[in-house]
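In the numbering used here, the protein residues as written are 775 to 1091.
Next up, the structure:
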């Protein structure tokens, strides 16, 4: 694979792995009717005058089990409402899960720290409105692939308590989740593929800059200016790496990863799973032999994700 990676190198992967199923949507057997209720474009926040939205999928073919799952709709830290596909969610909806498909602000306009703010806001919004959606605020899971896997891990490992003094009651909620399942996530941007290898200074991501265009406000010009200092950039790269945040209070984590992945080396999953296990956290890595950044039959792996959520989030299991 060429070392030059653009947004287009990531987005088709998301289209293949996250939205595998036909666009028609799941059908209830014998009725021709969708097996779920879909509520579109729920506004979970606002940013620079724009609405941040999510779609809610409620099961109809099975009784709701009271568990909410956050689906991070993201590839290359780019997010599109057009990628949301109810058929992809069938393994979860058929077991009674309520799924929240979250669309975040996208690169190149927004860098990863901005995206993380969106995801924190989304989880807080879901928790604050859990009763209205019939889910338990203490039983929220999260899943995604590639960049969506990275963001899923960041919510699991670095989600934070809310601000009890916040004027907005949503901001008073925690953004932590209780369980994580994901595909091939980047987890350590400072040790990418091998120890000491900066993901942006060499290797496959070195020409993939937009998500890493870190900026700050300049008080003199009142403009956003790039952060060019190498030490500060490395500090931010560490902060946005899930492996940095691994600790004993983290939720259970399941990762599926191809051992021939050239875009996100399986070493990334090995690192975070190793850190979590060392901290006493239940963490499982399922390697897929010969698989790259996505593989045929991944819809079957979603059943394994559903099994994982069943084991850790459903009552009486």
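Note that beta-carbon positions come from the ideal geometry of N, C-alpha and C, so glycine has one too.
Quick check on the burial criterion: 16 or more other C-beta atoms within 10 angstroms. Buried or exposed for residue 1042?
Here residue 1042 refers to the residue found at position 268 when the chain shown is read from its first residue. By the neighbour-count rule (16 or more Cβ atoms within 10 Å), residue 1042 is buried.
Check whether residue 930 and residue 953 have beta carbons under 9 Å apart
Here residue 930 is taken as the residue at index 156 of the chain shown, counted from 1. Here residue 953 is taken as the residue at index 179 of the chain shown, counted from 1. Their beta carbons are under 9 Å apart, which means residue 930 touches residue 953 by this criterion.
Three-state secondary structure (DSSP) of residue 897
Here residue 897 refers to the residue found at position 123 when the chain shown is read from its first residue. Residue 897 falls in the helix class under three-state DSSP.
Proximal residues to residue 1078 (C-beta, below 6 Å), its chain only, five neighbours per side dropped
Translated into the one-based positions of the chain shown, residue 1078 becomes position 304. Cβ within range, chain order: n/a, list empty.
On the premise that residue 928 lies in contact with residue 1016, defined as a C-beta separation below 8 Å, what is that separation, rounded to the nearest angstrom?
Locating residue 1016 in the chain shown gives position 242, counting from the first residue. Locating residue 928 in the chain shown gives position 154, counting from the first residue. Contact holds; Cβ gap of about 6 Å.
Only counting the same chain, and skipping five residues up and downstream in sequence, which positions put a Cβ closer than 6 Å to that of residue 871?
For the purposes of this step, residue 871 is taken as residue 97 along the chain shown, with counting starting at 1. For residue 871, where only same-chain residues beyond five positions count, the Cβ hits under 6 Å are 841, 843.
Within 10 Å of its beta-carbon, does residue 999 have 16 or more other beta-carbons around it, so buried, or fewer, so exposed?
On the chain shown, residue 999 is found 225 positions in, with the first residue counted as 1. Exposed, because fewer than 16 other Cβ atoms sit within 10 Å of the Cβ of residue 999.
Go ahead and pull the three-state DSSP assignment for residue 827.
Residue mapping note: residue 827 aligns to position 53 of the chain shown, counting from 1. Reduced to three states, the DSSP call for residue 827 is strand.
Where are the alpha helix (DSSP H) runs, 4 residues long or more, that stay fully inside the stretch 862-936, in chain order?
Here the runs fully enclosed are 864-867, 886-902, 904-907, 921-932.
Straight-line gap, residue 1074 to residue 939 (C-alpha atoms, nearest Å)
Position 300 of the chain shown, counting from 1, holds the residue named residue 1074. Position 165 of the chain shown, counting from 1, holds the residue named residue 939. Approximately 44 Å between the Cα atoms of the pair.
Cβ separation of residue 1030 and residue 957, assumed to be a contact under 8 Å, to the nearest whole Å:
Mapped onto the chain shown, residue 1030 falls at position 256. Mapped onto the chain shown, residue 957 falls at position 183. That belief holds up - the Cβ atoms of residue 1030 and residue 957 are roughly 5 Å apart, short of 8 Å.
Return yes when the Cβ of residue 1001 is within less than 9 Å of the Cβ of residue 951, no when it is not.
The residue labelled residue 951 in the question sits at position 177 within the chain shown. The residue labelled residue 1001 in the question sits at position 227 within the chain shown. No, they are not a contact pair.
Among 1021, 963, 836, which has the Cα closest to the Cα of residue 976?
Numbered from 1 along the chain shown, position 202 holds the residue referred to as residue 976. Checked all of 1021, 963, 836; the closest Cα to residue 976 is 963.
Assuming residue 873 and residue 925 form a contact by the criterion Cβ under 8 Å, report the distance between their Cβ atoms to the nearest whole angstrom.
The sequence position of residue 873 within the chain shown is 99, counting from 1. The sequence position of residue 925 within the chain shown is 151, counting from 1. Approximately 16 Å separates the beta-carbon atoms of residue 873 and residue 925; this is outside 8 Å, ruling out the contact.
What does the Cβ neighbour count give for residue 814, buried or exposed, with the cut at 16 atoms within 10 Å?
Indexing the chain shown from 1 puts residue 814 at position 40. Burial call: exposed.
What does the alpha-carbon distance come out to for the pair residue 1099 and residue 869?
The question about residue 1099 has no answer, for the chain in this structure spans 775 to 1091.
On a CA-only basis, which of 859, 886, 1054 is nearest residue 1013? Give me that one, please.
By one-based count along the chain shown, residue 1013 stands at place 239. Answer by Cα proximity: 886.
I'd like to confirm the pairing. Which residues does DSSP put opposite residue 845 in its beta bridges?
In the chain shown, residue 845 corresponds to position 71, counting from 1. In the DSSP output, where bridge partners are listed per residue, residue 845 has 875, 917.
Report all residues from its chain with a CB closer than 7 Å to the CB of residue 971; omit the five preceding and five following residues, and keep chain order.
Working through the chain shown from its first residue, we reach residue 971 at position 197. Only 965, 977 meet the Cβ criterion.
If you check the beta carbons only, do residue 908 and residue 821 fall under 9 Å apart?
Numbered from 1 along the chain shown, position 134 holds the residue referred to as residue 908. Numbered from 1 along the chain shown, position 47 holds the residue referred to as residue 821. Residue 821 is positioned such that its CB atom lies no closer than 9 Å to that of residue 908.
Does the beta-carbon distance from residue 1080 to residue 1046 come in below 9 Å?
Position 306 of the chain shown holds residue 1080. Position 272 of the chain shown holds residue 1046. No, the Cβ-Cβ distance between residue 1080 and residue 1046 is not below 9 Å.
Cβ-based neighbour list, residue 1026, same chain, cut-off 6 Å, excluding 5 preceding and 5 following:
Within the chain shown, numbered from 1, the residue matching residue 1026 stands at position 252. These residues qualify, in order along the chain: 953, 1056, 1086.
Comparing alpha-carbon positions, which option in 1003, 980, 983, 982 lies nearest residue 990?
In the chain shown, counting from the first residue as 1, residue 990 sits at position 216. Closest by alpha carbon: 1003.
Just tell me which of 1051, 830, 1023, 847 has its CA closest to the CA of residue 933.
Stepping through the chain shown from its first residue, residue 933 is reached at position 159. Selected option, being the one with the closest Cα: 1023.
Per DSSP, cross-strand counterpart(s) of residue 991:
For the purposes of this step, residue 991 is taken as residue 217 along the chain shown, with counting starting at 1. 998.
Please state whether the Cβ-Cβ distance between residue 818 and residue 884 is less than 9 Å.
As a first step, residue 818 is located in the chain shown; it is residue number 44 there, counting from the start. As a first step, residue 884 is located in the chain shown; it is residue number 110 there, counting from the start. No, they are not a contact pair.
Bounding residues of the alpha helix (DSSP H) (the contiguous stretch that carries residue 1047)
Looking up residue 1047 in the chain shown gives position 273. Its alpha helix (DSSP H) spans residues 1041-1052.
Kindly indicate which residue of 854, 959, 913 has the alpha-carbon position closest to the one of residue 1037.
Within the chain shown, the letter at position 263 stands for residue 1037. Selected option, being the one with the closest Cα: 959.
According to DSSP, is residue 1007 part of a helix, a strand, or is it coil?
Looking up residue 1007 in the chain shown gives position 233. Collapsing the DSSP output to three states places residue 1007 in a helix.
Buried or exposed: where does residue 1060 fall if 16 or more other Cβ atoms within 10 Å of its Cβ makes it buried?
Translated into positions along the chain shown, residue 1060 becomes position 286. Exposed is the call here.
Starting from residue 762, follow the alpha helix (DSSP H) in both directions and report where the run begins and ends.
Outside the displayed range of the chain (775 to 1091) lies residue 762, so it cannot be described from this structure.
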